[in-house]
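For the sequence shown, this note's numbering begins at 974 and goes up steadily by one.
Below you'll find the structure, written out as structure tokens, and then a few comments.
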Amino acid sequence: MSDGEQKLADANGKFVQVVKDGRKRNDIDWRAGRIILSNKRLVLVSNEGKRTIPLSKITSITGRDNVNKAIAKVSGYLSLQVGSNVTLIAPQDIEAFEAKLYSALLDQTVVLVKHPAVEGGVVQDTEWEKGRLKIDGDSVDLAIASGSFVELEVEDVGSAELETKTVMDSQRRVAEIEHTIEGTSVETHVSGSKSDVSVLASFVRRGEQAGEVDVELSKEENEVLMALYTGVSPFQIPDFVGMEIEQVEEIYDRLIEYGILEPVRTRREVQLEARGRSIAGEAVDDQ
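Pasting the structure below:
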């Protein structure tokens, strides 16, 4: 390895290129071999040779997505986009390898952060500041230049949208990440290079995907959900929405059953789960 390069992982596994130069390949077959990760590149080694993917060229990572029957036979893999090419890798211990890959791509990356950009559904007058990323297990730690610290836990992320916006007088890629702080829905916006922001969104979207739910809510259930989303205390909900306490508690029970609310302590203090905030956020956008 070159100077300054460190090996981070060396795993047995399988890999295959499914898209080449923007075209999906039909002759797809997994190749067994070694998958080697350093702080600079990913190397795929098989009996047919060696292929190197610089980490700087990886523009996004996604999880398992069935492409065809041959691909579906492998239960766990990562999809890596490199320009107009897509390669799937399936290391034996995929969770451990995935963690090291995200750390190699994002640790110590300098970005611009606006926090909180939105709080309780209300846009905040917050300035962009420099920040530094660190992957810590299933969370992203953001150390901001002014001294503040933001932790984005994957399981707490309700949504992660990619947008192009004006940031410090330049058009830049922005990840708009919704999560909670002390029970209140907030958005933290992170801007940087296109690849850094896309990979960050891929990492935190694992929580968003886990929170996806297809549920039809009644008018009353939506009113309670929206009130919680905007920061109204669970104990003040009956007066705020004009319902009896018993009716609100029945709604809490149903929303907990749907996986939209999480009970915090007995006698009805609740907080929104990631999927609940996703539903409420969409309702706000529709109004």
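Even for Gly, the Cβ is constructed at its ideal location relative to N, Cα and C.
Supposed close pair residue i, residue j - CB separation, criterion 8 Å
i	j	result
PHE1213	ALA1200	5 Å
ARG1178	ALA1133	5 Å
LEU1245	SER1158	7 Å
ILE1108	SER1143	The Cβ separation is near 26 Å, so there is no contact.
ALA1247	GLY1131	4 Å
ARG1004	PHE988	6 Å
ILE1224	VAL1197	5 Å
LYS1073	LEU1135	About 24 Å; that fails the 8 Å criterion.
Length of the line joining the Cα atoms of residue i and residue j
i	j	result
VAL1163	ILE1062	28 Å
GLY1232	SER1171	28 Å
LEU1010	LEU1173	19 Å
SER1191	MET1216	14 Å
ILE1008	GLU1068	14 Å
LYS1028	TYR1202	A quick correction: the sequence has Leu, not Lys, at residue 1028. When rounded, the distance between both Cα atoms is 38 Å.
ALA1183	GLU1128	Confidence at ALA1183 is low in this model, with a pLDDT of 49, below 50, so its placement is unreliable and the value that follows should be read with caution. Cα to Cα, the separation comes out at about 8 Å.
ILE1252	GLU978	44 Å
SER1052	THR1035	5 Å
VAL1018	GLN1054	18 Å
GLU1126	ASP1114	9 Å
PHE1176	ALA984	21 Å
GLU1160	SER1206	19 Å
LEU1228	ILE1210	14 Å
ASN1058	SER1166	19 Å
GLU1255	GLU1155	21 Å
GLY1094	LYS1013	40 Å
LEU1079	SER1112	12 Å
THR1060	THR1139	32 Å
THR1123	MET1141	A small fix is needed here, since residue 1123 is Val in this sequence, not Thr. C-alpha separation (whole angstroms): 21 Å.
PHE1070	GLU1222	44 Å
VAL1083	GLU1193	44 Å
THR1099	THR1153	17 Å
GLY1284	ILE1031	Limits of the chain in this structure are 974 at one end and 1260 at the other, which puts residue 1284 out of reach.
ARG996	GLU1230	44 Å
LEU1234	GLN1220	16 Å
ASP1226	GLY1204	19 Å
ASP1002	SER1033	22 Å
Cβ neighbour criterion (16 or more within 10 Å) applied to residue i
i	result
ASP1259	exposed
ILE1218	exposed
THR1137	exposed
ASP1169	buried
ASP1000	exposed
LYS1103	exposed
LYS993	exposed
GLU1151	buried
GLY1249	buried
ALA1148	buried
GLY986	buried
Endpoints, alpha helix (DSSP H) assigned at residue i
i	result
SER1076	1067–1079
GLU1219	1218–1231
ASN1195	1192–1202
PHE1213	1210–1214
Any non-hydrogen atom of the ligand ZN closer than 7 Å to residue i Cβ
i	result
THR1137	You won't find the ligand ZN in this model; it holds no ligand whatsoever.
Start and end residues, beta strand (DSSP E) containing residue i
i	result
GLU1149	1143–1154
PRO1089	1083–1092
PRO1277	Limits of the chain in this structure are 974 at one end and 1260 at the other, which puts residue 1277 out of reach.
ASP1109	1102–1109
Chain E contact for residue i (CB, 8 Å cutoff)
i	result
ASP1002	In the displayed structure, chain E is absent; only one protein chain is listed.
**Asked** Are the segment 1016–1028 and the segment 1079–1092 in contact at 8 Å, needing three or more beta carbon pairs?
**Response** No, they do not touch.
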